[in-house]
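Protein sequence lines, in the order shown, are assigned to chains A and B. So the first sequence is numbered by this note's numbering: it starts at 4 and just counts up by one. So the second sequence is numbered by this note's numbering: it starts at 150 and just counts up by one. Quick reminder that beta carbons are idealized off the backbone N, C-alpha and C, glycines included. Predicted, not measured: the structure shown is a model, and the values here were computed from it. Structure first, commentary second.
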Amino acid sequence: MSPLLNSSILFLTLLSLTDCSGGRHLMPPANSIHGDTLAIDQPLERESSLLKEAFNKTFDHGLRKALDAPRLVRHATGQPYEALNVDNFDEVPNSTWFTNRNGTTAMSLAEIQRGPNLTYGPDTTSVWTVVSAKMAGVTPGFTIEDARGQRYIVKFDPPDFSELPSGAEVVSARLMYAAGYNTPENYIAYLDPKRLRIGSEAMVTVETYDKRPAKEQRPMDRSDLAAILATGNPKGLPLIRVAASKFLDGIPIGPWPYAGVRKDDPNDVYPHPHRRELRGLYVVAAWLNHADMKEENTLDVYETEGKYVRHYLIDFGASLGSNSRSPSVPRRGQANGYDFKQSMVRLVTLGLYSYPWERASQEVLFPSVGYLNNDLFNPQSWKPIYPALAFENITKRDAFWGAKIVTSFSDAQIEAAVAAGAYSNPDAAESLVAFLKERRDMTGRHWFSKVNTLDQFRLENGIELSAKDLAVARGYSDASRTSYDLSVQAPGGEMLRRWSSADPSVRLDGEWEAHGRVIVSMRPRRQDSSGQPVLIYLSRTKQAWHVDGIRRTD
Amino acid sequence: MNQAMLNLRNFLRKPMVLVLGCLMMAPGLSLAQSGVASDSTSATTYPERVPYRSRTESLLAVPGLVLYLPFKGVFFVAEQSANAIWEKRVLDRFNSWFTTRDGRTGIRVLASTTSGPGIRLFRNRALLEGDASFTTQYGVKFRQDQLLSLDWPDGRLVPGNLTFTGQFRTRTVEKYYGIGNATPVSAITDYLQEDGIVQFVYRPPGRGGLSGALDISYHTLYTEGGQDGTVPNTDTVFSQVQAPGLGNRAHFLRFGASTQLNYVDVPGSPTRGSLTGVRVGYSHTLDNEALNYLSLSAVTEHFTELFAGRTISLKAGTDWRVASSGSNQIPFYGLASIGGEQVLLGYERSRFRDRGVVHAAVTYRFPIWFYWDGLIFYERGRTLHQPSDFTFSGWKDSIGGGFRLWTREGALLNFLVARSSQQIRIIFNFNSGF
Numbered sequence: 004m005s006p007l008l009n010s011s012i013l014f015l016t017l018l019s020l021t022d023c024s025g026g027r028h029l030m031p032p033a034n035s036i037h038g039d040t041l042a043i044d045q046p047l048e049r050e051s052s053l054l055k056e057a058f059n060k061t062f063d064h065g066l067r068k069a070l071d072a073p074r075l076v077r078h079a080t081g082q083p084y085e086a087l088n089v090d091n092f093d094e095v096p097n098s099t100w101f102t103n104r105n106g107t108t109a110m111s112l113a114e115i116q117r118g119p120n121l122t123y124g125p126d127t128t129s130v131w132t133v134v135s136a137k138m139a140g141v142t143p144g145f146t147i148e149d150a151r152g153q154r155y156i157v158k159f160d161p162p163d164f165s166e167l168p169s170g171a172e173v174v175s176a177r178l179m180y181a182a183g184y185n186t187p188e189n190y191i192a193y194l195d196p197k198r199l200r201i202g203s204e205a206m207v208t209v210e211t212y213d214k215r216p217a218k219e220q221r222p223m224d225r226s227d228l229a230a231i232l233a234t235g236n237p238k239g240l241p242l243i244r245v246a247a248s249k250f251l252d253g254i255p256i257g258p259w260p261y262a263g264v265r266k267d268d269p270n271d272v273y274p275h276p277h278r279r280e281l282r283g284l285y286v287v288a289a290w291l292n293h294a295d296m297k298e299e300n301t302l303d304v305y306e307t308e309g310k311y312v313r314h315y316l317i318d319f320g321a322s323l324g325s326n327s328r329s330p331s332v333p334r335r336g337q338a339n340g341y342d343f344k345q346s347m348v349r350l351v352t353l354g355l356y357s358y359p360w361e362r363a364s365q366e367v368l369f370p371s372v373g374y375l376n377n378d379l380f381n382p383q384s385w386k387p388i389y390p391a392l393a394f395e396n397i398t399k400r401d402a403f404w405g406a407k408i409v410t411s412f413s414d415a416q417i418e419a420a421v422a423a424g425a426y427s428n429p430d431a432a433e434s435l436v437a438f439l440k441e442r443r444d445m446t447g448r449h450w451f452s453k454v455n456t457l458d459q460f461r462l463e464n465g466i467e468l469s470a471k472d473l474a475v476a477r478g479y480s481d482a483s484r485t486s487y488d489l490s491v492q493a494p495g496g497e498m499l500r501r502w503s504s505a506d507p508s509v510r511l512d513g514e515w516e517a518h519g520r521v522i523v524s525m526r527p528r529r530q531d532s533s534g535q536p537v538l539i540y541l542s543r544t545k546q547a548w549h550v551d552g553i554r555r556t557d
Numbered sequence: 150m151n152q153a154m155l156n157l158r159n160f161l162r163k164p165m166v167l168v169l170g171c172l173m174m175a176p177g178l179s180l181a182q183s184g185v186a187s188d189s190t191s192a193t194t195y196p197e198r199v200p201y202r203s204r205t206e207s208l209l210a211v212p213g214l215v216l217y218l219p220f221k222g223v224f225f226v227a228e229q230s231a232n233a234i235w236e237k238r239v240l241d242r243f244n245s246w247f248t249t250r251d252g253r254t255g256i257r258v259l260a261s262t263t264s265g266p267g268i269r270l271f272r273n274r275a276l277l278e279g280d281a282s283f284t285t286q287y288g289v290k291f292r293q294d295q296l297l298s299l300d301w302p303d304g305r306l307v308p309g310n311l312t313f314t315g316q317f318r319t320r321t322v323e324k325y326y327g328i329g330n331a332t333p334v335s336a337i338t339d340y341l342q343e344d345g346i347v348q349f350v351y352r353p354p355g356r357g358g359l360s361g362a363l364d365i366s367y368h369t370l371y372t373e374g375g376q377d378g379t380v381p382n383t384d385t386v387f388s389q390v391q392a393p394g395l396g397n398r399a400h401f402l403r404f405g406a407s408t409q410l411n412y413v414d415v416p417g418s419p420t421r422g423s424l425t426g427v428r429v430g431y432s433h434t435l436d437n438e439a440l441n442y443l444s445l446s447a448v449t450e451h452f453t454e455l456f457a458g459r460t461i462s463l464k465a466g467t468d469w470r471v472a473s474s475g476s477n478q479i480p481f482y483g484l485a486s487i488g489g490e491q492v493l494l495g496y497e498r499s500r501f502r503d504r505g506v507v508h509a510a511v512t513y514r515f516p517i518w519f520y521w522d523g524l525i526f527y528e529r530g531r532t533l534h535q536p537s538d539f540t541f542s543g544w545k546d547s548i549g550g551g552f553r554l555w556t557r558e559g560a561l562l563n564f565l566v567a568r569s570s571q572q573i574r575i576i577f578n579f580n581s582g583f
């Protein structure tokens, strides 16, 4: 491209950006969020290819981003594309993707421990009927139906790492659910091999290796069951600990895509890379070290009653300190599955440059919880195995939203979630609790230092506007070293008052009522914060002031 | 609106199509109308898909999209290929087409710059429960190999691994530059060599460690120099005086015993440990006993991990021929040689010959990603007529580097570029693992 064309593009891009910034801060946000529970026809089942996904995410999307001039200009000028589905208070309304839970109202310990579970798990008092089995793939397992007619996917722990993936599955699912995401009901159950019965129509999927086709299904027999049990229970224990994941109600229609939208779901109107809950998921996933964020670990379910699609996260066996069949490794969270940048750096430097994760040793204190080490953890540079557009689009506001959720978990809540993992060694459970607490605090300290941490704006007695400084409230900053820059502007831009205070609160002056609307600006001032003001828009009706919305300028 | 219309509308909303549509079509095209579903939900009005940026920005992104399109084509092909291999399992299916249903018998493809393309025919649990394979490779220029191998893994026949190998090898165009370290490139001629080799290798039980081998081989050699007009016969080089053993056809037997000490951590990509091999042999000429000789070779390679998988290997070796008859002659085809295959990769195969060779190499290997390594090597070597000729001058150098894909068991693919004062050579080798 000629320099002239380049310049033209840059100019036009800058021009296009200016039309959305001038004077808009004087107007309250007017976001209209579409609901997503309108009745729709059942979408077709969507198939996902892991390799295609990895290829697209690693190469295709990377180049597209690099050649997207408006996006580059926005990033260079600090005006990235903000999430689309936030309300006037920069929050995510409840939807088929996300439900506000612990982030807005603290859940009880019992609720945390129970998570999405509605029962006590598969009925272990009677026979389990095997309805299908899988001998291919990373984890052998089968699907059973209990005496109550409920179906569960049953997965075994690896013999050398008992409790590792099953514990990670349950603990991460509890925390992810409490964070607000949809997860299946997961249980730790104890399987009695003697109570297993092969269903009359049970089929087994086997990997045929070098025959044709690559995978095939055939009727299941005792030898198949024996082979799976031999893998899952080589020691021949009378009771086998398993992770049992209950079938979701509704019709599964395949994974949801990380890019674009699901085109056959008319309710799915926000491009997924621009959904706040998916961008903010980066922060939650980093906390849980859930790097295995691939499409296969998501699921859309068509709810036959309401006739709409609900979006789930599934399969957390490779999170926390687990790599599913073995402990996690230092590389996890530090590099993508194929990390183009890191491989090129190694190539260009002829391997003389090494990344810290390459030099870290994999020390596993307790096999049941795997590799737990936060020495290399950085909440902002954490990487999933497969790059995700939503994660790469994350802005400070998205990260703050995610960090608010992560830091909303108290020590006791984390302990309650870990208790759901039913670890037999209390020291192992304690090390997992310590791991999660440390990561939570690292997450809070990191992201809260980059944004304005004022939140939970309240208007008391109609005239007292106050906010909670989450960095102070959650112990990441010292209240005595924090002051707040406050100001009040008239709708036309006229400055009505400007002052500093030790509290983030404003008493609304009666003189301001004549303006009808005012804009209150609040900004914490402390050494470890680089946050920009948050604007609170208030309007006056006959009787009282109302908060119309907020705008974060980070 | 039916599903087809919905799909069409989604297609029209794509930025590229949107821009082209705006430019080429009537401005009245409405893309903002609300969508409705079909069938049972036909009465429902759904919200519009929410764009994440303005139309102006979408328009400004078009030049980038145009630049991206050629890459998209490349990505598409690469993605489809990778998808075919991984998801559709084309290689597995390809293999399955050439494998019997019981998985015991099949054919695999091979290729390398040194041995050319070829195939491997295998039969598992064949003779005495051993795994048999027959490999035939047709070198592009100079070499044809037929290799029959019978492998009895640990315990099937004896404790430990036992391998029997029978090989028939034809080097159709073997180049001979003369004897010594200073032979000029112009002084080359060709000859044909056919070798029949029988070998037993025994590896005691356990990982790595000690293994031994016995070998016996029959060789027949046909010499016809100067048959190529571009490579004229050079009498001074290719004469009975300069090239002992020269004749229309020579026949000889070779017997050998070798041992190997293998103490490396990862056979496919060692980072620690060492590999040492020693071989003692005797060559008995059937036509002229005056040309009998003994051979002794040794090579050792030590691997040291510098840090995080970055590994230096130091390799040194020597190879000697000692005449066992009073004539004190070694046939030219039996001389120790370096160049091309194991040492001095930047030179042609067997570029330098004499009664003895010494060589050393240092290789630096670094991981690029998982089972993808980069490597750089520097090699030195020279020929000697007798040990007392050893000096530190007159050594030949070769330098190069490249990539390799590997598994824990061995290399899958090597791609190397080697440079010497003679030429730059590109070397690749696909293992039958592909």
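Burial state of L435 (chain A) is buried, judged by a 10 Å Cβ sphere holding 16 or more other Cβ atoms. Here K545 (chain A) is exposed. Its C-beta has fewer than 16 other C-beta atoms within 10 Å. DSSP places R477 (chain A) outside both helix and strand once states are collapsed to three, so it counts as coil.
DSSP places K545 (chain A) outside both helix and strand once states are collapsed to three, so it counts as coil. F243 (chain B): member of the alpha helix (DSSP H) spanning V239 to W246, first to last residue.
Contact between W515 (chain A) and L499 (chain A) holds: their C-beta atoms lie close to 6 angstroms from each other, under 8 angstroms. Between W518 (chain B) and chain A, the shortest Cβ-Cβ separation is below 8 angstroms. For L554 (chain B), the uninterrupted beta strand (DSSP E) segment begins and ends at K545 to W555. In the three-state scheme derived from DSSP, where H, G and I count as helix and E and B as strand, W385 (chain A) is classed as coil. Residue environment for L277 (chain B): exposed (fewer than 16 other C-beta atoms within 10 angstroms of its C-beta). Counting along the chain, S503 (chain A) sits inside the beta strand (DSSP E) bounded by residues M498 to S504.
Nearest neighbour of G336 (chain A) by Cα position, chosen from A:V157, A:V351 and A:A289, turns out to be A:A289. Contact of E206 (chain B) with chain A is assigned, a C-beta pair being separated by under 8 angstroms. In the DSSP assignment, W259 (chain A) falls outside any alpha helix (DSSP H) and carries neither an H nor an E. In the three-state reduction of the DSSP assignment, I115 (chain A) falls in the helix class, which pools H, G and I. Counting along the chain, the unbroken beta strand (DSSP E) around N563 (chain B) starts and ends at A560 to S569.
The Cβ atoms of I36 (chain A) and N88 (chain A) sit closer than 8 angstroms to each other. Two segments are said to touch when three or more pairs of C-beta atoms, one from each, lie closer than 8 angstroms; by this definition the segment 151-168 of chain A touches the segment 368-388 of chain A. Straight through space, the alpha carbons of L350 (chain A) and I525 (chain B) are spaced by roughly 12 angstroms.
Exclusion of the five residues before and after Q409 (chain B) leaves S360 and G426 as the residues of its chain whose Cβ lies within less than 6 angstroms of its Cβ. Counting only unbroken stretches of 3 or more residues, the beta strand (DSSP E) elements lying wholly within the segment 415-502 of chain B are 422-434, 442-456, 459-472 and 485-487, in sequence order. Per the coordinates, the alpha-carbon of P168 (chain A) lies some 26 angstroms from the alpha-carbon of Y520 (chain B). Comparing C-alpha distances from I268 (chain B) to each of B:T284, B:G255 and B:T254 shows the shortest one belongs to B:T284. Within chain A, L66, R67 and L70 have C-beta atoms less than 7 angstroms from the C-beta of Y217 (chain B), given in sequence order. Here the C-alpha atom of V492 (chain B) lies approximately 14 angstroms from the C-alpha atom of G550 (chain B).
In terms of beta-carbon proximity, N270 (chain A) lines the interface with chain B, with at least one pair separated by less than 8 angstroms.
Around the Cβ of P359 (chain A), a 10 Å sphere holds fewer than 16 other Cβ atoms; the residue is exposed. Three or more beta-carbon pairs separated by less than 8 angstroms link the segment 65-73 of chain A to the segment 195-210 of chain B, which places the two stretches in contact. Close to P274 (chain A), with beta-carbon spacing below 7 angstroms, are these residues of chain B in chain order: Y201. For A517 (chain A) and K399 (chain A), the gap between their C-alpha atoms comes out near 35 angstroms. Sequence-ordered contacts of the segment 481-502 of chain A with chain B are nonexistent [C-beta pairs closer than 8 angstroms]. The Cβ neighbour count for I573 (chain B), taken over all protein chains shown within 10 Å, is under 16; the residue is labelled exposed. Not a single CB atom of chain A sits nearer than 8 angstroms to the CB of I548 (chain B). In the structure shown, the three-state DSSP call for P196 (chain A) is helix. In this structure Q530 (chain A) is exposed. Its beta-carbon is surrounded by fewer than 16 other beta-carbon atoms within 10 angstroms. A straight line joining the alpha-carbon of D295 (chain A) with that of Y389 (chain A) spans about 7 angstroms.
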